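Q: From first to last, the protein sequence lines are chains A and B. Heads up, the working numbering is the position in the first sequence plus 3, with the first residue counted as 1. Heads up, the working numbering is the position in the second sequence plus 3, with the first residue counted as 1. By construction, the Cβ of each residue, glycine as well, lies at the ideal position given by its N, Cα and C atoms. Small disclaimer: the values here were computed from a predicted structure and weren't measured. Handing you this structure, nothing more for now.
Number of protein chains: 2
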Amino acid sequence: MNLNQLYYFKKLAELEHYTQASKELFITQPSLSGSISSLEEELGIALFQHHGRNIKLTKYGKGFYQYVCSALTELEKGIEKAREKSGSYGGVIDLGCIPTLIGDFLPVAINDYLKNVDSKTKFNIFQGMTLDVIEGIESEKYDVGFCSYIENKQNLEFHPIMAQELILLVNNNHPLAEKDSICLKELSGYPLITYRHSLPIGKTISKYLKTNHLKALYAYDDEISIGGVISNTDSAAITAKTPFLYQFSHLKMIKLDIPIDARLIYMVYNKDSYHTLHVNSFVSYVLENECNLPL
Amino acid sequence: MNLNQLYYFKKLAELEHYTQASKELFITQPSLSGSISSLEEELGIALFQHHGRNIKLTKYGKGFYQYVCSALTELEKGIEKAREKSGSYGGVIDLGCIPTLIGDFLPVAINDYLKNVDSKTKFNIFQGMTLDVIEGIESEKYDVGFCSYIENKQNLEFHPIMAQELILLVNNNHPLAEKDSICLKELSGYPLITYRHSLPIGKTISKYLKTNHLKALYAYDDEISIGGVISNTDSAAITAKTPFLYQFSHLKMIKLDIPIDARLIYMVYNKDSYHTLHVNSFVSYVLENECNLPL
DNA sequence: TAAAAATACTCCATAGGTATTTTAT
DNA sequence: ATAAAATACCTATGGAGTATTTTTA
Chain A
4 MNLNQLYYFK KLAELEHYTQ ASKELFITQP SLSGSISSLE EELGIALFQH HGRNIKLTKY
64 GKGFYQYVCS ALTELEKGIE KAREKSGSYG GVIDLGCIPT LIGDFLPVAI NDYLKNVDSK
124 TKFNIFQGMT LDVIEGIESE KYDVGFCSYI ENKQNLEFHP IMAQELILLV NNNHPLAEKD
184 SICLKELSGY PLITYRHSLP IGKTISKYLK TNHLKALYAY DDEISIGGVI SNTDSAAITA
244 KTPFLYQFSH LKMIKLDIPI DARLIYMVYN KDSYHTLHVN SFVSYVLENE CNLPL
Chain B
4 MNLNQLYYFK KLAELEHYTQ ASKELFITQP SLSGSISSLE EELGIALFQH HGRNIKLTKY
64 GKGFYQYVCS ALTELEKGIE KAREKSGSYG GVIDLGCIPT LIGDFLPVAI NDYLKNVDSK
124 TKFNIFQGMT LDVIEGIESE KYDVGFCSYI ENKQNLEFHP IMAQELILLV NNNHPLAEKD
184 SICLKELSGY PLITYRHSLP IGKTISKYLK TNHLKALYAY DDEISIGGVI SNTDSAAITA
244 KTPFLYQFSH LKMIKLDIPI DARLIYMVYN KDSYHTLHVN SFVSYVLENE CNLPL
């Protein structure tokens, strides 16, 4: 038995006419006849019967037809899914991304790619914390991730794509609100909040605070939470400068003496995973055109 | 693409080891390697990737695997169903049968066939009125039917297989209960019931009653209904003598002057339909061994 | 070095083609 | 006479084989 026999059988079952079916199948009538004969022989049962000079499906052919249809449909779905990942255009790319890039870097990168490289590519975007993104990359749920750096991941390839400036955030009533820039050591005595310590950015900030003997409340996951708190308390926050913060009025962003490359965001992918041409193409494009690194 | 490639892919996806898979598939490792390569090429996507000297399914291979599995499962179900109808033994035969033979003729015929010809045959028995049986034969729902004769069915082949004696049925209190045999014309004046006129047996009986200027209530579908009525009224009934009547006590069966072959029951099948070897074998067996006709 | 997969090539089975015959309208 | 399917025969593609090389643990 082979796949063509099944396609031939399906068509013949629908038309109940060898000559007609053979035309639609782009084979000759004797070829179709032989193909069906050998299928019937292999099954040990007549799928078609003669009614005068014409043919009709038998009871058994009708039964077999149902199974063949669903088998072929299922197979074709599989082929289509596989092909939509490849093909010369129109691939599918699954992206994992931390919140801070979702509204800013990522749509720009994707739009540029669609405009300049392949407008038929479909992007599935999943949002999550860095650890979620990394897990998705390792499990191959995502093709490419955008997140912080994580150590001891030999199978992952990290490429820095942008630096986020770390700033001091206060509301307009805060005693430091007058300043445009400030040193970390001047913060001593002011209540400070920042990201949860389990996040890479929390760890990074913690490093700078410790060398300056500063304490802080490490409790937040993202800039929106931090912005909300700062709007309504007299705490100050160390946070990444992102467009999310612009939604709050009455906030003041103050430059800090933290190196511009202290907080880097990376594009990451699994070195051991197979990637489609589309994925590779997107990765290359981002590396060459969308990186925004200091110096 | 061909079916073997799919079977090969499935096995390789499960074992993730070419040499091992090729053994289980009874082909050589290079053959398997080539087969999978061409499948990957046709799909335009890598289904497996290298991990050192071993291989692993890719994300895309995993997706494709799901579809291939269900397609192959579906196909195999179809093949199995088709083969179970044929095969050298163990076929399936669908029978339609009127109630009067269900408990008597049919189980005997089937048991004899299972004992003497093919013990692996499976019989699906469906009960219905003659017209239901005929409809099932015409629609190929049934392979073989047992029922009365119906006219103007050129595509159906009827073979008489038994005669049922038509008798007068009364209860023990009936004035005629003393008699062992009686002529139809002696029934004038007694209330009579019999089968519904829409049934073939009702038509047959009606013919004999009319030639003797007798009237009757044509209202019943089967012998059990008739037996029940006769047990509890002082009507008499013209009915077929069947084992169903033995469940009633206090009933008397009286011979009538109706020819023994007035009521014939037929085996019927569709001349235009394809029949498996098993069906043909059963039909022949019944004709040769289970017929019980007068003279 | 040994185990695994890929490559190079060879061969034959068979899918599909052409020409023709058989069957039924 | 004609339309439909089956049969007979032929050809060429490609599926599977053997022998060998490449890769990597």
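Measuring CB to CB, does residue 267(A) end up less than 8 Å from residue 163(A)?
A: Yes; because the gap between Cβ atoms is below 8 Å, this pair is in contact.
Q: Please check if any C-beta of chain A sits within less than 8 Å of the C-beta of residue 140(B).
A: No - not a single Cβ of chain A is within 8 Å of the one on residue 140(B).
Q: Among 40(A), 240(A), 167(A), which has the Cα closest to the Cα of residue 263(A)?
A: Of 40(A), 240(A), 167(A), the residue nearest in Cα terms is 167(A).
Q: Looking only at C-alpha atoms, which of 230(B), 85(B), 215(B) sits nearest to residue 47(A)?
A: It is 85(B).
Q: Report whether the distance from the Cβ of residue 34(B) to the nearest heavy atom of the ligand MN is below 7 Å.
A: Ligands in the displayed structure: none, and consequently the ligand MN is not present.
Q: On the criterion of 16 or more Cβ atoms from any shown chain inside 10 Å, does residue 65(B) qualify as buried, or is it exposed?
A: Counting Cβ neighbours within 10 Å, residue 65(B) comes out exposed, since fewer than 16 surround it.
Q: Verify whether the separation of the beta carbon atoms of residue 239(A) and residue 169(A) is less than 8 Å.
A: Not a contact, by the Cβ cut-off of 8 Å.
Q: My understanding is that residue 198(A) touches residue 192(A), with C-beta atoms under 8 Å, so please give their C-beta distance in whole angstroms.
A: Not a contact, Cβ separation roughly 21 Å.
Q: So, are the CB atoms of residue 147(B) and residue 96(B) less than 8 Å apart?
A: It is a contact, given that the beta carbons lie within the stated cut-off.
Q: Look at the alpha carbon of residue 220(A) and the alpha carbon of residue 253(A), and state the distance between them as a whole number of angstroms.
A: Rounded to whole angstroms, residue 220(A) to residue 253(A) spans 22 Å at the Cα level.
Q: Between the region 30-50 of chain A and chain B, which residues of the former have a C-beta closer than 9 Å to a C-beta of the latter?
A: For the region 30-50 of chain A, which is checked against every Cβ of chain B, the residues closer than 9 Å are 45, 46, 47, 48, 49, 50.
Q: Using 8 Å for Cβ pairs, my map puts residue 273(A) next to residue 141(A). What's the rounded Cβ distance?
A: So it is a contact: roughly 7 Å between Cβ atoms.
Q: By DSSP, does residue 147(A) sit in helix, in strand, or in coil?
A: Strand, per DSSP.
Q: So, with DSSP's three-state summary, where would you put residue 130(A)?
A: Strand.
Q: So, at 6 Å on beta carbons, what are the nonlocal neighbours of residue 63(B) in its own chain, with the 5 sequence-adjacent residues on each side left out?
A: Counting only Cβ-Cβ distances below 6 Å, and skipping sequence neighbours, we find 48.
Q: Between 247(B), 234(B), 291(B), 277(B), which has its C-alpha nearest residue 101(B)'s C-alpha?
A: Comparing Cα positions, the closest option is 247(B).
Q: Since I believe residue 52(B) is in contact with residue 277(A) (beta carbons under 8 Å), could you give me their beta-carbon distance rounded to a whole number of angstroms?
A: About 4 Å separates the two Cβ atoms, so the contact holds.
Q: Report the rounded CA-to-CA distance for residue 25(B) versus residue 35(B), giving the unit in angstroms.
A: C-alpha separation (whole angstroms): 6 Å.
Q: Would you kindly report the start and end of the unbroken beta strand (DSSP E) that includes residue 100(B)?
A: Looking at the DSSP string, the run of the beta strand (DSSP E) that includes residue 100(B) is 95-100.
Q: To the nearest angstrom, report how far apart residue 212(A) and residue 187(A) are at their CA atoms.
A: Using only the alpha carbons, I get a separation of about 7 Å.
Q: Is DSSP giving residue 36(A) helix, strand or coil here?
A: Three-state result, residue 36(A): helix.
Q: Taking Cβ-Cβ distances below 7 Å as the criterion, which residues of the region 72-105 of chain B are in contact with chain A?
A: Here the close residues are 73, 74, 77, 78, 80, 81, 82, 84, 85, 86, 88, 89, 90.
Q: Distance, Cα to Cα, residue 232(B) vs residue 200(B)?
A: Approximately 17 Å, taken between the alpha carbons.
Q: Name the chain B residues that come within less than 8 Å of residue 108(A), Cβ to Cβ?
A: Under the 8 Å cutoff, chain B gives no residues; its nearest Cβ is about 25 Å from residue 108(A).
Q: Closer than 8 Å by beta-carbon distance: list the chain B residues that pair up with residue 126(A), in chain order.
A: Per Cβ cutoff of 8 Å: no residues; residue 126(A) is ~16 Å from chain B at best.
Q: Please list, in chain order, all residues of the same chain as residue 10(A) whose beta carbon is under 8 Å from its beta carbon, the five residues on each side excluded.
A: Excluding positions up to five away in sequence, the list reads 28, 75.
Q: Please list, in chain order, all residues of the same chain as residue 152(B) whose beta carbon is under 6 Å from its beta carbon, the five residues on each side excluded.
A: Once the five neighbours on either side are set aside, the close Cβ partners of residue 152(B) are 161, 269.
Q: Tell me which residues share the same chain as residue 158(A) and place their Cβ nearer than 8 Å to its Cβ, disregarding the 5 neighbours each side in the sequence.
A: Answer for residue 158(A): 141, 273, 274, 275, listed in chain order.
Q: With the cut-off set at 8 Å, would you say residue 98(A) and residue 127(A) are in Cβ contact?
A: Closer than 8 Å, so yes.
Q: Contact check, residue 116(B) vs residue 124(B) under 8 Å by CB: the rounded distance?
A: The Cβ separation is near 7 Å, so the contact holds.
Q: Determine the direct distance from the alpha carbon of residue 271(B) to that of residue 202(B), and round the result to whole angstroms.
A: Each residue's Cα considered, the two are about 17 Å apart.
Q: Rounded to the nearest angstrom, what separates residue 218(A) and residue 190(A) at their Cα positions?
A: One C-alpha to the other measures close to 10 Å.
Q: I believe residue 257(A) touches residue 183(A) by the beta-carbon criterion, under 8 Å. Please report the beta-carbon distance rounded to the nearest angstrom.
A: Indeed they touch by this definition, with Cβ atoms about 7 Å apart.
Q: State the DSSP-derived secondary structure class of residue 108(B), mapped to helix, strand or coil.
A: DSSP places residue 108(B) in helix when its eight states are reduced to three.
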